[in-house]
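For the record, in the sequence shown the residue sitting at position 117 is 117 according to our numbering, with numbers rising by one throughout.
We treat Cβ as the ideally placed atom computed from N, Cα and C, and that holds for glycine.
Just so it is clear, the structure is predicted and the values come from calculations on it, not from any experiment.
One structure is given below, encoded as structure tokens.
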Amino acid sequence: MDKLVRAITAGGMVQAVAVSTRDLTERARNIQKSLPVATATLGRALAAASMMGNALKDPRASLTLQIRGGGPLGTILAVSDAAGNVRGYVQNPQTDFPLRPDGKLDVGGAVGSEGTLTVIKDLGMKEPYTGSVGLLGGEIAEDLAAYFVESEQIPTACALGVLVDRDQSVRAAGGYIIQLLPGAGEDVIARVEGGVMAAGPVTGLLERESSPEALLRTVLSDFEVEILETAPVEYRCYCSRDRVERALISMGTEELEDMLAQQGGCELGCQFCDTVYRFSAQELRALIDNMK
């Protein structure tokens with residue numbers, strides 16, 4: 001089962017969160033029928049959104065992570081609720097992209113680096129909070145660390161990883177976000193940096209130990225770590241027939257009349273999950289009549 005762990009170091013100078021997301025990334029792969037580089041990219045975005053969404057205090061809040069890098073994958077979108085449950089998609093999931101010279105999936109190349117990473121926090125206010133940064137390399141983790149520094153002024157270390165097996169299924173996925181709190185001195189910074197360097201790439205950690213708690217204790221091995229929260233997370237879509245009806249109504253009577261005349265009804269698939277909503281000619285006519 002996928003889970004998220006939130007922690008703080010003794011002395012309160014460092015806060016951290018880690019997540020294991022193999023199952024939900026595999027669910028996303030099955031929905032999208034994605035090829036490996038798209039699976040790895042979406043998996044990273046989902047893990048990041050889960051950790052960031054879980055940090056929101058209001059249970060009705062949500063967080064959207066949108067990446068547009070100009071690469072062949074197109075737009076990458078991941079949405080989290082306040083518990084850390086996520087959904088998402090890649091615009092072009094069937095993208096095949098050459099491996100990097102070191103034999104690893106080239107997420108940065110497939111995402112592109114000519115664009116932006118945008119974070120939208122819907123906190124139930126009139127306007128959502130939106131922060132955006134230019135992409136550094138499209139690998140997502142370093143772009144996210146830049147977002148935290150630029151938009152929220154929080155020094156951050158971020159690592160995200162997805163291991164795709166030979167049969168294209170997800171073998172392991174997850175990541176961590178470590179942040180310095182106000183008052184953290186140079187010694188704390190040096191110990192965090194040393195721990196991150198000693199732990200090595202997150203994919204290696206995930207392959208050896210999929211527990212997010214073990215992940216944090218490895219990376220923060222120079223600190224006494226106190227676990228604050230452990231929560232299950234999953235791939236969760238909030239689509240419903242009511243929402244699809246509202247989307248149809250927003251198109252206006254003219255467009256619905258055209259749809260009725262040309263197709264005699266409609267089928268709409270959710271972009272986040274594999275649910276298809278069908279509206280017969282009679283149901284579409286009833287919607288149009290109600291709008292009038």
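At the 8 Å Cβ level, is residue i part of the contact set with chain E, yes or no?
| i | result |
| --- | --- |
| Q271 | Given the protein chain composition of this structure (a single chain), no chain E is represented. |
Is it buried or exposed for residue i, if we count other Cβ within 10 angstroms and need 16 for buried?
| i | result |
| --- | --- |
| M197 | exposed |
| D106 | buried |
| L135 | buried |
| V276 | exposed |
| M291 | exposed |
| L99 | exposed |
| Q66 | buried |
| A286 | exposed |
| T253 | exposed |
| T39 | buried |
From the DSSP output, in three-state form, read off residue i for me.
| i | result |
| --- | --- |
| V107 | helix |
| F279 | strand |
| E193 | helix |
| T95 | coil |
| E203 | Note that residue 203 is Thr in the sequence shown, not Glu. Helix. |
| S250 | helix |
| I140 | coil |
| Q168 | coil |
| L73 | coil |
| S34 | coil |
| R60 | coil |
| L117 | strand |
| G88 | strand |
| E267 | strand |
| I154 | coil |
| D122 | strand |
| L135 | coil |
| A286 | helix |
Among residues of its own chain, excluding the 5 on either side of residue i, which ones have a beta-carbon nearer than 6 Å to its beta-carbon?
| i | result |
| --- | --- |
| G195 | V219, L220, S221 and D222 |
| E229 | R6 |
| L24 | D2, E234 and Y235 |
| M52 | L63 |
| A18 | V5, Y176, P212, L215 and L216 |
Just confirm the distance between the C-beta atoms of residue i and residue j, as a whole number of angstroms; I'd bet it's less than 8 Å.
| i | j | result |
| --- | --- | --- |
| L144 | C158 | 5 Å |
| N85 | E234 | 5 Å |
| M161 | G174 | Contrary to the premise, residue 161 reads as Gly rather than Met in this sequence. Correct: roughly 7 Å between the Cβ atoms. |
| V111 | G138 | 3 Å |
| T21 | G43 | 7 Å |
| I178 | A16 | 5 Å |
| T95 | V37 | 6 Å |
| F148 | I154 | 5 Å |
Could you name the residues of the same chain whose beta carbon sits closer than 8 Å to that of residue i, not counting the 5 residues immediately before and after it, in chain order?
| i | result |
| --- | --- |
| R236 | D81, N85, V86 and R87 |
| E207 | L163, R171 and A172 |
| A49 | L63, T64, L65, A78, V79, S80, V86 and G88 |
Excluding the 5 residues preceding and the 5 following residue i in the sequence, name in chain order all residues of the same chain whose CB lies nearer than 7 Å to its CB.
| i | result |
| --- | --- |
| R68 | T75, G115 and T116 |
| E26 | S169 and V170 |
List, from N- to C-terminal side, the beta strand (DSSP E) runs of 3 residues or more that fit wholly inside the region 209-248. 225-232
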